[in-house]
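Notes follow the structure.
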Amino acid sequence: MADELAENLSGKEVMTSSGTYIGVLRNIQMNTKTGTIADLLVSPFDDVNPEQHRFETTTDEGEAAFSIPVSNVRDVDDAVVLN
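The opening position of the sequence shown corresponds to residue 1 in full-length UniProt numbering, with each subsequent residue numbered one higher.
Below, the structure written as structure tokens:
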């Protein structure tokens, strides 16, 4: 992933490489020892079944979220595109 400001990422839609939109980027998790971004926390859209995707499900501020390793990001443009 090329350099991108975190403020520009928040609120971006997230889609799979096949073009399926799965949710909105809600937050990021950072490794405080290395300073690198570890995971993206994505709020799934209401019509997305978490069991149909391979991503770990967690909570962020009490809301369900996918925890997606940053290594799964293929591209960031109008949306975050996953591998």
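Heads up, the beta-carbon is just placed ideally off N, CA and C, and yes, glycines get one too.
These numbers were taken from a predicted model, which means no experiment stands behind them.
Check this for me: beta carbons of residue 65 and residue 82, under 8 Å apart or not?
no
Is it right to say residue 45 is buried, meaning 16 or more other beta carbons lie within 10 angstroms of its own, or is it exposed?
exposed
Given this structure, state the Cα-to-Cα distance separating residue 58 from residue 52, to the nearest angstrom.
15 Å
8 Å Cβ cutoff met for residue 43 and residue 56
no
Using the rule of at least 16 other Cβ atoms within 10 Å of the residue's Cβ for burial, across every protein chain shown, is residue 39 buried or exposed?
buried
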